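Just so you know, the sequence shown maps onto residues 8 to 504 in my numbering. Take a look at the structure below.
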Amino acid sequence: MLRHALAATVLTVGALAPGAPAAAAPAVATESPCRPVGTAGLADLVPGDSTLGLSALPPATVDLPARTSLRGTTETFNRRWSFAVRDGRMYVKEASASGGWRTMDLPDCLDGRITGISVDDDELVALDESGRIHTMDHALNAPWTWNWTYRYGAPLWLGDGNTVPYGSTRWTWSVLSPGEDKVWRDSAGNDHPVGGAKVSHVFALSPDGSRITYVDPWLPADHSYEMATPHRGRFRAEALSTAASTSFVVNRYGDLYTRLYDFDIAGSDRVFFSYSYEDQRGAAFPKIQLPAPDWVRQPKVPSSGQITDRISVHKTGRGSDARELRVEGRDHGRTGFWHKALTDPVWSFTETGEPLRGRLLRNTPDDRSADTLAPASPYDYAGTRGGVTARVDAFAVAVTSTPLLLRAGDRELTVTLHTVDGLRQSVQSPGLTSQPRVFYGTVEVPRSVLDDLEAQQPALRDLIRDRLGSARFTDTDVVVTDRTMTIARLGLTLNRT
């Protein structure tokens, strides 16, 4: 968004200088033989209809599908182009055409070495054998404009590079842009402009499918930022697809969920945006509503149909509801894909006649989302101050709202501790370790408690009145390690139990 625009001048005079030497790669990325040139991070070109440069590419000599129906890491598409990778090489055709694949001209450092690709909007990401991220810019424009860079990470997309988290093969590239998407809708139903530039993330599934880590080209070159899966981060996804910050997951029983979420939508970009937990519905000048939109359970594909773990989401127009979901499968013996608009209640089927390539899932008619949940987070914390004992159970980095139990004498009160990963420019270890992790925190007190505060147990009443100012929402720093949790405004330090 707006933070992205700050890089334009720096990129122009710095990393884009012809012949600029490649800096040493960070610990998470191996050294790349590519040079750090390319326009990724600069202002986009105005998309056009030109195909200049396409006819100069040699026709493909490998077997490729006539059309690309699902976005994945071997075949993918945006509004203008379809891309495919075979044996380390890339191929392209017009998305609207049937066939007509051409062999792409790649940098020597990538040709024959690409293991996966993903495109969204006007940016395409390719991974080499080490999992290192390379970005191709202007993917909504003519082939003659395309160019590559391995730059990635702070500061301002000038970092020495990054790799896909977990070494995952289940990863996807997402771009939310002012040019294509225009606006997005928060959890209060208010539309917000995307901003002056884009939000671009690689999202990746952990080996057990219960964690989603994302890396942004403007954030530190680490693997520390996460988005929780459904069921408070315990849902085990078999596959993941993301487009324009809308993620789509499925489990082994065909339970499907979507969520609109990225670094800015989450509430982490407080330098450029204003957020609030106060109700923003009907506000004349609404702030971005927090918490961010949660996962939405999508209707299951009809039980008469078979489905695989090849799922896909792509943008179809303006706004964050303009998305189409697709799931590879079979209907009455016909192969193809199930599809629906994001907010539609039912699925339709399109036959392709192509053999199924994904792994078949058990498409049960009932909701079995909770049947394969990962264990709850092991991080429980407790501490006492001024006669009040506080407890947080199963704290998870990516879960943004956690019950905070306060107890004094024989009385208990549950408030909510909201935590959002903070903006940082230094490397942070993934998860919880001995390295302090700083969250933007907010303590939420139930309205019913505030309306009858004098009736509360005295120690609890005093804590809410003196430490929280009898407010419904109180911002606070929250610092967490694998041993302690400190909630500054409450004056509490909790220890791991």
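We put the CB at the ideal spot given by N, CA and C, even for glycine. Bear in mind the structure is a predicted one, so any value in this text is a computation, not a measurement.
The shortest CA-to-CA distance from S103 to any of P114, W88, R96 is the one to W88. Residues F356, T357, E358, T359 of the same chain have their beta carbon placed closer than 7 Å to that of G343, with the five preceding and five following residues left out of the count.
Boundaries of the beta strand (DSSP E) around F210: 206-212. About 5 Å separates the beta carbon of K205 from that of V182, a gap short enough to meet the 8 Å contact definition. For T488, the three-state secondary structure derived from DSSP is coil. Judged by beta-carbon spacing, G324 lies beyond the 8 Å limit of R192, meaning their Cβ atoms are not closer than that value. The segment 253-327 is shown to contain whole alpha helix (DSSP H) runs of 4 or more residues at 270-273, in chain order. Counting the other CB atoms within 10 Å of its CB gives T483 a total of 16 or more, which places it among the buried residues. Short of 8 Å from the beta carbon of Q442, and not among the five residues preceding or following it, lie these beta carbons of its own chain, in chain order: Q435, S436, T488.
Straight across, the Cα-Cα distance linking S194 with E361 is about 39 Å. When the Cα atoms are used, R474 and G393 turn out to be separated by approximately 12 Å. In the DSSP assignment, H238 falls within the unbroken alpha helix (DSSP H) covering 237-240. Between the alpha carbons of Q463 and S213 lies a distance of about 44 Å. Judged by their CB atoms, Y386 and L501 are not nearer to each other than the 8 Å cut-off.
Across the set S275, E233, I314, T265, the C-alpha of I314 shows the shortest separation from the C-alpha of R259. Taking A50 as reference, the option from S310, R418, W164 with the minimal CA-CA separation is W164. Going by beta carbons, V427 and A273 fall inside the 8 Å limit. If you draw a 10 Å sphere on the C-beta of D373, you find fewer than 16 other C-beta atoms in it, and that means exposed.
If you look at L424, you'll find it isn't in any alpha helix (DSSP H); it sits in the beta strand (DSSP E) that goes 418-428.
The three-state reading of DSSP puts I121 in coil, since its state is none of H, G, I, E or B. A buried status is given to P227, since no fewer than 16 other beta-carbon atoms sit within 10 Å of its beta-carbon.
DSSP links E82 through a beta bridge to A91. If you look at R444, you'll find it in the beta strand (DSSP E) that goes 444-451. Between the alpha carbons of E331 and S319 lies a distance of about 8 Å. Spatial neighbours of S283 in its own chain (CB-CB distance under 6 Å, excluding positions within 5 residues in sequence) are listed in chain order as K294.
For D469, no pairing in a beta bridge is given by DSSP. Counting along the chain, the unbroken alpha helix (DSSP H) around S455 starts and ends at 454-458. Under the three-state reduction of DSSP, Y159 is assigned to strand. Secondary structure note for M97: its beta strand (DSSP E) is the uninterrupted segment 96-101. Beta-bridge analysis with DSSP links F344 to E335, T357. Taking C-beta atoms as the reference points, S376 and A403 fail to come closer than 8 Å.
Its Cα nearest to that of F210, the residue P172 stands out among D188, P172, E187. Between W302 and the set P72, A291, L77, L349, the nearest pair of CA atoms involves L349. In this structure, the straight-line span from the alpha carbon of T409 to that of W354 is close to 34 Å. In the three-state reduction of the DSSP assignment, G390 falls in the strand class. Beta-bridge annotation (DSSP): S181 is paired with H208.
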